[in-house]
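Structure, as structure tokens:
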Amino acid sequence: MGDLKHLLENWGADTKAALHSMMDDEEFYVRLLKEFSENAEIEMLNNALEKEHYKEAFKIAHEMKGTVVTLGLKPLYKAVSRLVEDLRDIPAATVYDDLETVNLEYESFLEIMKLYLI
Amino acid sequence: MYAKETKSLSSGTNTVSLQPNCIVGIGASAGGLEALQEFLTFLPSNTGMAFVIIQHLAPDHKSMLADILSKYSTMPVTEIRDGITLERNHVYMIPPKYNVELEEDVMRLREYDIALINHPIDIFFRSLAAAYENRSVAVILSGTGSDGANGIRSIKERNGVIIVQSPESAKFDGMPRNAIATGFADMIQKPEAIAKEMIHIAGSISDSNTHFLPTDEDMLSQVFSILKAVTNINYTYYKQTTILRRIERRMVITHSRNLKQYVNFLGNNPDEAKVLAKEVLIGVTAFFRDSDYFDVLKESVVKQILKNADHDKQIRVWVAGCSTGEEAYSVAILFAESMEELGIHRDIKIFATDLDNDSISTAVRGVYGDNIIEDVSVYRLSKYFTRKGNRYVIRHDIRKMIIFAQHNVFQDPPFGRLDLICCRNVLIYFQSVLQRNLFSIFHMALNNNGYLFLGRSESVMDYDDIFKNLCADEKIFVHNAGGRIPSHEKFNYSMQNFMSPIESLQLPPYEDDKDVPYKPTELDTSVLEALMPACVLVNEKNELVRSFGDCSQFLAIPSGMATLDIFMLIRNDLKIAVSTALRDSKDKDTRICYDSVPVQFNDKPEYISIITQPILDKHGMKTGHTAIAFIRENRKLTGDIQEYQIDTAASRRISDLEYELKVTKDDLRQTVTELESVNAELQAANEELLTANEELQSSNEELQSVNEELYTVNSEYQSKVNELAGLNDDMANFLSTTLIGILMVDRDLNIRKFTDYISTEFNVADQDIGRSFRYITYNFTTVDLLKQCKQVLESMEPIEQHCASVAGKTYLIRIAPYRVQENSSGSRPAEGRPAKKEVQGLVLTFVDTSKQVDDQEQIEEMARALRLAVKSGQEKETFLSNMSHDMRTPMTAIHGLTELTLKEYALSPEVRDNLEKIRTSSNYMLKLIEEILETSRINAGKVVTVTSTVKESQVIDTLQAVIHEQAESHGLTFDIQLNGLENRYVLMDVPHVERSLMNILSNSIKFTPKGGRILLKMDVAYHDGRADHIYTITDNGVGIPESFQKRMFQAFEQGDHTVTAAPSAAEDIIGVREGTGLGLFICKNLVELMGGTIKCVSRVGEGTTFTVTLSYSLATDEQIKLLSDRKDTYKDNILSDKNVLLIEDNHIHAELIIKLLSSKGIHVEHAQNGQEALDLFHANGSYHYQAIITDLMMPKLDGEGLARRIRQLQNMDAKTIPIIALTADVTENVDERCRQAGMNACISKPVDPDRLFALLSKEFEGEI
């Protein structure tokens, strides 16, 4: 897992905290990361905002926030947290800009996973 | 990545160029990686194209895309560096933090400001279109937003190809959809198909580049025919180069190798004809295109028009060729801004027209993507647009200035009396003849000194005397209505909108070979084949077109106006014959031959034959032409010869008639011209009526809206009226039932209102309302009410006094000003001043104080007695306290020495017996002394309550442990019953509560005979952060006499009741009860000290029930945390083999928690949502689970809802099972919400395993 840890740390992730919450089981951690990279949450989030279904988007973003913080993906966590606050009450004007940031950070995470898995 | 070395093939001095034949720009964003992988996988490596990938990248991260994509293509994949030259069969990647532009074949990098919105795809596409024009291809792949939608406009303008990924195949379809919405996409396909399309495009472009120049005019004619049939538009006078380029583009897209192939395809596919027609119209436009030109237009034209226009005059503008409306809206915004800046308002009407109906439909909607932010300033966007999602909608006040309509400038009548015409980038598509036509239309439509605004590369040609330069660079002209009009064909428009259209007279067309719908060579052949030798060819208007052979004998040029009318040219003596033959020939559509037609040649009579023959083209279609042959020699013709008999007089008459007919025709032509002019005016009037109709509709809608608002307001007022009526009723009831006399008068002391009660002292009735107070009699003789009223009106200060009425009652009279808010009278308070209260009258209040006077003396007596009693009590307590204190020491000594002595073995039975009695007595005395001292401390206020954070059940647990044993030893049953207990943490003075309850329970044990039952019941209720406990202690003992119940809580009071149980040792020895008589006194005091109450109900022989009520504050989180904030330690053995119910819909979290708990030997059952968990909890029965861990946000039933439902269940552990919440939300009120829902604790994510285990351990142990 050394390469992946290195890549993630370079990106800004806190793998130490994440591993601590998983009792330092690296294999388990990698498996969860892979699962997250393959799920459809980001797509659902974009679709919901595209259709201006803000409440649904809030739920998805909130869900994702919990997942990424558990996995120690700090850059993505920061971006999703901002988006969650944008959507908590009346949608803020920066919703779509913050969504773009979320997408970019997620893409960065995907790149890392692809590199590691190639 | 490093660029692979690509050698150029060189053979001697020849070098194969590495320059790409075409450049493909690929724009992608979110989800683009997958699309690019698929695209590159299927893309051949030898297309000869260069591929430039513009992917949205995070500026702070080094991109690894080039590495990743290089695995999917055999072409080299290179990150772009500044100054590199593009080569064919290469893939180039944009680096992070930079925009890329192509300057000829060289790539330039420019760093962008990450704080601003950046559209790198648009930027690159524009430069690509400028550099490579029709050899550019734009591809839009998956992504969000609208980057690329503006750039493909430039590609379209330069005849490049645009391909968009199909939204269904895109991971994120925002960018593809926005691109498709522009209408510029040529193909919409999956990435695999796009890659395969590159092969065709590469082939087509290379073919067209080498030698593609359509020369077959017949083919082009067919194209125009097909287009006219589909669109009813004649493209003949459109610029050929424009048409050709469009055709070339369509050939590339339809994979046609040559024009013939394309024309076949076009003829067989009507849809392709529509697409080609649309391509020709192109419709590329933008908001404020050439923004500096629009700035000049605003200052030099718009403001001038506004200043010069009369107040009541409508300003009329025509935007011709408005396409999707951006230009029209831009002009409208200029007018709106100018009116605001000049501080004037005028009625503006803008007619925006275009040939393409789809463009008009788009313009009417007024909805645009966020790509317009590049063209419209932030200020204008915020002022004139409304943002909805990622779209901008034009505001209503701008929209209503414009009328959109489909309109053909050459066929439909123009608009009239215009102040400004905007016709930008329309003329460039027309040949000169059409351009001149358009200028003549504009000349007619514009007012004198009106303005004409053209496109950047357009000019007024030879209409420069009509349209004078105002701003030459910006192409703004002023209309000079009296200017010299250059001669050319007059305009001609159809009148299709009228009921009975009149056919317009056709003026002679240009002598232009292009207009001749036949080929001379073909006709020559036809004529020669049909007739010999002297022959003329006339058209459908009987005008001479061509002659063959020597026609001089038969035709002559008449004097006067030159003409080609055959009847003017033919000899007089042949006129009738020719006209008859010609007419018959046309009517019957066949050859007519007249033989023996007499003529005079050189004064010699002769006979000739005349043959008229309609001429067909090689396809057998009519051409409208007829050949007339004159045959001098007498030759036998085929059987269609007729002998022509002529009547000279008739022929003369016929000539006269023909002349009259000609004159009539001329008159008719003139009449028709005048009629056309009238029709044009009617058309204009009609169009104005349409405008008025639209305005009326708009007014109607506004009225409807106002009506709805009025309805709403009316409903609100109705509601207010109902409320007011209710208040009036309340007031009326209040006044009629109150026992206070109230009288309200106005400033003139006229009665306004009064209560019924006042009539006891005032002689007033309902009919006196409005009468002056001075005429009302009343029972107060010692006070001048009128005078006092006037005094209050002057001073504005209330007065009070007591007085007596003649009826013997005393009253407190108060006279006060009656004040109202200034607003309520309709006037507004001045700005900055608080609302004042205006005095509109007085309020007289009469309160009966007769009873109060009597009570006053009683109250003073009672106060005196109380003071004495208190003083007495205080003296008594002081004595007791001092005495007890003095006695305690020696009694302690006696007790202790007695205990010691009893431990000696050498004691006689008698001595031992005596000592035991002494010990018993001393025990009793010590207990008495302690209780006396405690009583004294209580009375002195020295006993205070000290609370600590405990669980509610703690006291019960303690009592259970102690009393149960005592009861058992007395042969009694002791039960405990708990109702409503949720076992929360509360702040309780545990020692005092235990002491009080213990006291009562001890009494119950003492006074209940063997075999009896004692029940301790605790009822709990929660509200407003408190827990109310009602302790009910019931026994079926001897009961308490009623006489004692009244004093049982007093000090030193003991009852005389007997006990059926064996007398106690104390009773035996000292003949007194074991109690001190202070227990209940102390108990009551402690309970009351803690803010509670104690009651007793008893019947002799039946039993006794004591009820103690106490209320505790619920402990706060901090208090609980302090309590439980010890080191997170836990013991594994406490955790293992426990059952925990986990509710979590996120499978990643669920996996993690299950793993953590399983590592400690905890069995986990997993539910996906609250409802599933509830069902499991209920189905598995009480105590199956030892704890519940739940996420908060879940579908169907969330965590809080689940907790509430569980606590309401009938399961025995429903109230007590620990429920722990997990949440990623760290807002302030999450903990409070969890508490209120009945949860025990809340842990935030990410979960700290030690914290979770420690919390569970505590819950399992039931620690506090």
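Protein chains in written order, with my numbering: chain A, 177 to 294; chain B, 187 to 1450.
Even for Gly, the Cβ is constructed at its ideal location relative to N, Cα and C.
For clarity, every value in this text was computed on a predicted model and none was experimentally measured.
Counting C-beta neighbours from all protein chains within 10 Å, is the total for residue i 16 or more, i.e. buried, or is it exposed?
i       : result
R603/B  : exposed
N758/B  : exposed
S545/B  : buried
E354/B  : exposed
D246/B  : exposed
K1281/B : exposed
R312/B  : buried
I1452/B : The structure shown does not extend to residue 1452/B, since chain B is modelled only from 187 to 1450, so the question has no answer here.
R1312/B : Legend: pLDDT at R1312/B = 46, less than 50; position of this residue unreliable, no value from coordinates given.
Q953/B  : exposed
L847/B  : exposed
R443/B  : exposed
A324/B  : buried
By Cβ distance, which residues of its chain are closer than 8 Å to residue i, with the 5 residues on each side in sequence left out?
i       : result
G668/B  : N634
K1196/B : H1156, G1157, L1158 and A1247
For residue i, which residues from the same chain have a beta carbon less than 7 Å from its beta carbon, with the 5 sequence-adjacent residues on both sides left out?
i       : result
K250/A  : G188, A189 and D190
G810/B  : N725 and E726
F1267/B : T1121, F1235, Q1236 and A1237
Output the distance between the C-alpha atoms of residue i and residue j, rounded to the nearest integer angstrom.
i       : j       : result
A836/B  : L760/B  : 13 Å
L177/B  : S340/B  : Any answer about residue 177/B is impossible in this case: the structure gives chain B only from 187 up to 1450.
F787/B  : I652/B  : 56 Å
L1395/B : S1122/B : 49 Å
H196/A  : L1183/B : 50 Å
L1408/B : A268/A  : 27 Å
E290/B  : Q205/B  : 11 Å
G1082/B : L1093/B : 17 Å
Y424/B  : L293/A  : 59 Å
Is DSSP giving residue i helix, strand or coil here?
i       : result
A1410/B : coil
A1353/B : strand
K1346/B : coil
M235/B  : strand
V1141/B : helix
F1369/B : A quick correction: the sequence has Tyr, not Phe, at residue 1369/B. The answer is coil: DSSP assigns Y1369/B none of H, G, I, E or B.
L184/A  : helix
I926/B  : coil
G217/B  : coil
S901/B  : helix
P784/B  : strand
Give every residue of the same chain whose Cβ lies closer than 6 Å to the Cβ of residue i, excluding the five residues on either side of it in the sequence, and list them in chain order.
i       : result
V1179/B : V1141
Q592/B  : N543 and I546
S1476/B : Because residue 1476/B is not part of the residues shown, which for chain B are 187 to 1450, the question remains open.
L1164/B : M1204
M235/B  : P206, C208, V210 and A388
Given 7 Å as the limit, tell me if residue i has its C-beta closer than that to any heavy atom belonging to the ligand COA.
i      : result
R207/A : As presented, the structure is devoid of all ligands, the ligand COA included, so that no description of it is given.
Fill in: At least 3 beta-carbon pairs within less than 8 Å: the region 652-661 of chain B vs the region 526-539 of chain B
no
Worksheet entry | the region 1086-1105 of chain B / the region 1134-1143 of chain B touching (three or more Cβ pairs under 8 Å) | no
Worksheet item: Do three or more CB pairs link the region 202-215 of chain A to the region 1342-1358 of chain B at distances below 8 Å?
Response: no
Discussion item. With three or more C-beta pairs closer than 8 Å as the rule, is the region 1282-1301 of chain B touching the region 1219-1230 of chain B?
Written reply: yes
Discussion item. With a threshold of 8 Å, are at least 3 pairs of Cβ atoms found where one atom belongs to the region 345-359 of chain B and the other to the region 371-378 of chain B?
Written reply: yes
Worksheet item: Between the region 560-578 of chain B and the region 841-848 of chain B, do three or more beta carbon pairs fall short of 8 Å?
Response: no
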